[in-house]
Amino acid sequence: MSLLDLNHANLTQTLLSRLFQSDIRTWLLDYAQPYKELMAYYRCAMMEVSTKFQVLNEEFSLQYDRNPIEGIKTRLKSLESVIEKLSRKQLPLSIESIEQNINDIAGVRVVCSYQSDIYMLADAFLRQDDIVLIQRKDYIQNPKPNGYRSLHLIVETPIYLHNQKKPMKVEVQFRTISMDWWASLEHKIRYKKNVVITDQIAKELYDCAAMGEQLDLRMERIQRSVEPSPMDTKEERAK
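Heads up, the sequence shown is in my numbering, so the first residue is -10 and it goes up one at a time.
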């Protein structure tokens, strides 16, 4: 990217930022309270999903003396990001449009010890009768071109209010520790202001992702060599 192109991109981003902030101020005059309520519902849905994984982690610890989950993180999409996404898709800017067209406003990230834990937890989670799978994207088996790896689920789960049961959508991302640190650092590098990502830098980032994958596989082989299978009984493990 030339300096001229970079300046043009920065100018475009500045103008878009001003436009979105203007849109936000105007939109909030009409929708402040309904939007606040909707975000509260999404927060409740994130809590519901997070609790489900905490329960699974506790159960696994009691039965197999091992915690498959290293950490659980949640995030709520900002209003600016919501408006940007609706604008980019040329969709109406309304509460109804947000609920119907954006699936990743509420996000729960489950960081696991091993790749096999990801699929075990995802299967256990999806077997619960109040979880409806809407979409599944496996970027572990099929990584993105930049090297990104993760398992993404869009699910619908009910929240229970004082006078109704309301279904809400939540995006669940499953990553190993190496997938998580790579994605976090790659995002910081790639989206740092006034930084041009050359082909060489992109290749190095991809190579780091590939090394992370090899480390995941190697650590899992070591783990399997020193620990019995989770399917073994406590009596068999004690022998």
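For glycine and all other residues, C-beta sits at the position ideal for the given N, C-alpha and C.
In this text, all values refer to a predicted model and were calculated from it rather than measured experimentally.
Residues sharing a beta bridge with residue i, DSSP
i    : result
G60  : V100
G95  : According to the sequence displayed, residue 95 carries Ala and not Gly. L65, per the DSSP bridge assignment.
H151 : According to DSSP, which records beta bridges pairwise, H151 is partnered with nothing at all.
E145 : V121, K158
L110 : The partner list for L110 (beta bridge, DSSP) is empty, contrary to what the question assumes.
L140 : D127, F163
Buried or exposed by the 16-neighbour rule on C-beta atoms within 10 Å, applied to residue i
i    : result
G201 : buried
E225 : Note that E225 scores a pLDDT of 44, beneath 50, so its modelled location is shaky and nothing firm can be said.
N46  : buried
I211 : exposed
I123 : exposed
D112 : exposed
D169 : buried
L5   : Confidence is the limiting factor: at L5 the pLDDT is only 44, short of 50, which leaves the residue's position unreliable and the question unanswerable from this model.
D205 : buried
T165 : buried
P57  : buried
I129 : buried
Y103 : buried
I173 : Note on residue identity: the sequence assigns Ser, not Ile, to residue 173. Under this definition S173 is an exposed residue.
S167 : buried
V185 : exposed
M220 : In this prediction, M220 scores a pLDDT of 45, lower than 50, which makes its location untrustworthy; the coordinate-derived value is nonetheless stated afterwards. Under this definition M220 is an exposed residue.
E216 : exposed
CB-CB length for residue i against residue j, believed under 8 Å
i    : j    : result
M28  : L65  : 6 Å
P132 : R138 : 5 Å
L110 : D127 : Going by Cβ atoms, the distance from L110 to D127 rounds to 14 Å, so no, they are not a contact pair.
G60  : V121 : In fact, because the Cβ distance is near 26 Å, the residues do not count as touching under 8 Å.
K78  : N92  : K78 to N92, Cβ: 12 Å. No contact.
Short Cβ contact (8 Å threshold) for residue i with residue j
i    : j    : result
Y20  : I84  : yes
V244 : V71  : Residue 244 lies beyond the stretch modelled for the chain, which goes from -10 to 228, so this question has no answer here.
Y195 : N135 : yes
E209 : S105 : yes
L68  : S86  : no
Y31  : K155 : no
V38  : V159 : yes
I107 : F163 : yes
F114 : K25  : no
A191 : W171 : no
L150 : R125 : no
Range covered by the alpha helix (DSSP H) that runs through residue i
i    : result
V184 : Here V184 belongs to no alpha helix (DSSP H), and DSSP marks it neither H nor E.
E88  : 84 to 90
D127 : It is not in any alpha helix (DSSP H) - D127 instead sits in the beta strand (DSSP E) that spans 121 to 127.
L206 : 188 to 215
Beta strand (DSSP E) segment containing residue i, residue limits
i    : result
Q162 : 154 to 165
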